[in-house]
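Since the structure comes first, as structure tokens, the remarks are kept for the end.
There are 2 protein chains.
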Amino acid sequence: MDPEFIDTLVIPNDTKIVFLIMDGLGGLPMDGRDQTELEAARTPNLDQLARKSVCGLLDPIGYGVTPGSGPAHFALFGYDPIKNNIGRGILEAAGIDFPMTERDLLIRLNFATIDKNGVVVDRRAGRIDNETNKRICRKLQDSIKKLSDVEVIFEPVREHRALLALRGGDLREEIQETDPQKTGLPFLPPDALVPEAEGTATLLKELVDKAREVLSDEAKANMLLLRGYSRYRRYPSLKERFGLNALAIANYPMYRGIARLLGMVIGPLPQTIEEEFKALSEHYREYDFFFVHVKPTDSRGEDGNFEAKVKVIEEVDALVPLVTDLNPDVLVVTGDHSTPAALASHSWHPLPVILYSTTCRPDRVERFSERDCVYGGIGRMPMVHLMGLALAHARRLEKFGA
Amino acid sequence: MDPEFIDTLVIPNDTKIVFLIMDGLGGLPMDGRDQTELEAARTPNLDQLARKSVCGLLDPIGYGVTPGSGPAHFALFGYDPIKNNIGRGILEAAGIDFPMTERDLLIRLNFATIDKNGVVVDRRAGRIDNETNKRICRKLQDSIKKLSDVEVIFEPVREHRALLALRGGDLREEIQETDPQKTGLPFLPPDALVPEAEGTATLLKELVDKAREVLSDEAKANMLLLRGYSRYRRYPSLKERFGLNALAIANYPMYRGIARLLGMVIGPLPQTIEEEFKALSEHYREYDFFFVHVKPTDSRGEDGNFEAKVKVIEEVDALVPLVTDLNPDVLVVTGDHSTPAALASHSWHPLPVILYSTTCRPDRVERFSERDCVYGGIGRMPMVHLMGLALAHARRLEKFGA
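Written out as structure tokens, the structure is:
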């Protein structure tokens, strides 16, 4: 079924849906253990919830595919992650929660070191620190504000990475990347790859020349390299597709940025997981869809720290009553992808999911774990269909056909 | 997910993948037994492997579809079996391991008996024996070597069946089959079905006339009937799609032919199952993907011989340590389709599968059987996605999206 088919069935209701997302939740056994992180964690509240719910396993993209955070979250919210593959420039902008507009061309920018002949000697400018990055972006911004009638915006990201946004005009993304990908080679010109991109290429060449001049007195970051040109693309919002007034509670910029791309309201910046749960309670009356994003499960997985990931899961479990006490009509607990500490990276393994509602059909799952969710009533499902299931249980989809 | 999507994620690695394929593995209980062939078999090695692996059930084509060997193997190797449905002429050519070229039109040819008015009285020429078939093919080949500048090749298959290959020129497959499908009717002319096929039709009419003359002194096989015209189609190889240097170890011509179509190197001709396993060890250093094809599980199923199929499975089980001792990064054990002895034919039932690797997430399957694999972590999966899963576990796919 095309994931957009459910859009045709949406009806209004005042029910509330909560998505509690532990980033990188899925795991693997490690170092001779028999259990995954979730299996090793003591999770009485989630286990109790699982017993009242329908459980299963979700594939973020498809069998064997390891997702980045962008595609995984698109799938989570019911957007086909392959068809809607988000460009690197947009993701970089989302990653610093940059307020994009429909007139933007978004470009990832790396500061680099070149010699006097334009040969790249360090593609990361010695990994300059964040303060230097900010100073250099300000310096560039002071010198380059506009190119003909196109607004130019420099935004630091971190270390040697920044965002360049061109705003206005008929900007195109079919431009050659200027990073030669290897040191010892000269930087490349931002040439047009199709005739329609000639205008954009001319602007970018002018920009590159000016920037080189502005940066000429820098010891390390004396050049910029352009990559991942992405024309801003407007995605239909959760309001437009599903009639949902959505609030995102997340403390990492990238997830706030992705939520913003999908038209969610971005909540206050919580500092701890507990603050995220409290923000949910505080704003519960105002919205009908809540995306609560817990980052440290993924971070500890990426660190390869099994025990620390277990602890984060236990911390979340202890807070679960704060959500269940709100009596949401639908409560989903899952992740966006697996990040097993054993691999210290994202992986392709499916994710366990709990879907609680008063209309879910009970299965025999007694415990929230990867191994138990194999036996869940949802079975193994592409993640992109989770939103449809949540909407159905929230009585927000009408019957199809007479 | 389109099965070809994984092609975009392939990265090089030096890991090794073994596909141990027991043709027609899936079964059914028979004659009042409660167990399938696999369940009845004593398989300590496969059971031990299953406990360390992730298991599941595979649908070769889709729910309820009984596959032929061609589509089943295409699915096994990650090729959409419906989109890539292999023509009958090509399959016939693959079945005798005929070295096809891109200039070939491949046609299945049946010898038949006609009366003096051209009416078909026996569509199988009394099922002439293989020796007669060979003699007749040689006789035709001696008389018909070329038609204008198109090379003509006759190759015996068995009984009344042969292969006709036309090589060269702009040959088309839109030609009427000449088999009237019923006795008592005259054979049909190989007419063009589209104007572009007129040239090919003219050649084939000339060929049919000559063949009728050459065969006029034969008692039974005094005519040939043409069916299943297939223009050779080149498939992207496993090397091109997945970067795999693949070796096929199979002793039946059709499977060697299919492997050849997908660019695999064809190993030496083993005479026994044990010889197949030994060939795997001998060539293990030279390749990174191994297709080991065990035919007798299917043959005994087709015979309706439950006990004999059980014995073949037990014979394979006893040899499994020869594979596991090689420590492949990924070891898949499954079949291409089910051939229950109870039905004495291929069937639509899903197939049990074991996927072993150090990165597989454990499930609760303790025994390799159809019934146990229902509870496996893979769940029930279209077979075409098996290759993607194997590549992921072999760390041969990169992350999708940032």
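Protein chains in written order, with my numbering: chain B, 23 to 424; chain V, 23 to 424.
The beta carbon of each residue, even a glycine, is placed where N, CA and C say it ideally should be.
How do the stretch 248-255 of chain B and the stretch 268-277 of chain B stand: do at least 3 beta-carbon pairs fall below 8 Å, yes or no? no
Listed in chain order, which residues of the stretch 333-360 of chain V have Cβ atoms closer than 9 Å to some Cβ of chain B? none
Does at least one heavy atom of the ligand NAP sit under 7 Å from the Cβ of B/Ala272? The model depicted lacks the ligand NAP and carries no ligand whatsoever.
Tell me B/Met245's beta-bridge partners as DSSP assigns them. B/Ala134
Can you name the residues of chain B whose CB is closer than 7 Å to the CB of V/Phe422? Ile83, Val87, Thr88, Pro89, Gly90, Pro93
Anything in chain B within Cβ reach of V/Phe27, meaning under 8 Å, just list it in chain order. Gly84, Val87, Ile104
Under 8 Å, with one C-beta from each stretch per pair, do the stretch 274-291 of chain V and the stretch 181-191 of chain V reach the 3-pair mark? no
Give the single residue among V/Ala243, V/Leu169, V/Pro258 whose Cα lies nearest to the Cα of V/Leu229. V/Leu169
Let me know the secondary structure DSSP gives V/Met403 once reduced to three states. strand
Could you name each continuous alpha helix (DSSP H) segment of 4 residues or more that falls completely within the stretch 40-91 of chain B, going from the start of the chain to the end? 59-62, 66-74
What ranges does the alpha helix (DSSP H) occupy inside the stretch 133-208 of chain B, keeping only unbroken runs of at least 4 residues that lie completely in it? 152-165
Using a Cβ-Cβ distance under 8 Å, would V/His407 count as near chain B? yes
Under 7 Å Cβ to Cβ from B/Asp45, same chain only, skipping five residues before and after it: list those, please. His315, Val316, Lys317, Thr319, Asp320, Gly357, Asp358
Mind checking which residues open and close the beta strand (DSSP E) that includes V/Phe313? 311-316
Beta-carbon contacts of B/Asp36 that lie in its chain and below 8 Å, excluding the five residues immediately before and after: Asp310
Can you give me, in chain order, the residues of the stretch 359-386 of chain V that have a beta carbon less than 8 Å from any beta carbon in chain B? Thr381, Arg383, Pro384, Asp385, Arg386
Chain V contact for B/Pro275 (CB, 8 Å cutoff): no
Could you give the first and the last residue of the continuous alpha helix (DSSP H) run that contains V/Tyr277? 275-283
Skipping 5 residues on each side, what residues in its chain have a beta carbon closer than 6 Å to that of B/Asp29? Arg263
Counting only Cβ pairs nearer than 9 Å, list the residues of chain B close to V/Leu68. Per Cβ cutoff of 9 Å: no residues; V/Leu68 is ~20 Å from chain B at best.
On the DSSP letters alone, give me the boundaries of the beta strand (DSSP E) that V/Ala270 sits inside. 268-271
Quick one: Cα of V/Glu220 to Cα of V/Glu324, how far? 41 Å
Go to V/Leu353, then tell me how far its beta strand (DSSP E) extends in each direction, as first and last residue. 352-356
Below-8 Å beta-carbon distance, B/Tyr397 vs any chain V residue: yes
Check the Cβ of V/Leu98 against every Cβ in chain B and list those closer than 7 Å, keeping chain order. In chain order: nothing, as chain B lies at least about 14 Å away.
Indicate whether B/Thr88 and B/Glu392 have their beta-carbon atoms separated by less than 8 Å. no
Would you mind sorting B/Ala241 into buried or exposed? The rule is 16 or more other CB atoms within 10 Å of its CB. exposed
Closer than 8 Å, CB to CB, is V/Ala301 near chain B or not? no
State yes or no: is the beta carbon of V/Leu411 nearer than 8 Å to at least one beta carbon in chain B? yes
So V/Val342 and V/Asn67 are in contact, right, with Cβ under 8 Å, and what is the actual spacing, rounded? 4 Å
My output table needs one value for B/Gly117: the three-state DSSP class, helix, strand or coil. helix
Using the beta-carbon count (16 or more within 10 Å), is B/Gly140 buried or exposed? exposed
Could you please give me the residues that DSSP links to V/Pro103 through a beta bridge? For V/Pro103, which the question treats as bridged, DSSP gives no partner whatsoever.
Three Cβ pairs or more, each shorter than 8 Å: is that satisfied between the stretch 399-415 of chain V and the stretch 376-387 of chain V? yes
With V/Gly279 and V/Phe120 assumed to form a contact (beta carbons below 8 Å), what rounded beta-carbon distance in angstroms separates them? 7 Å
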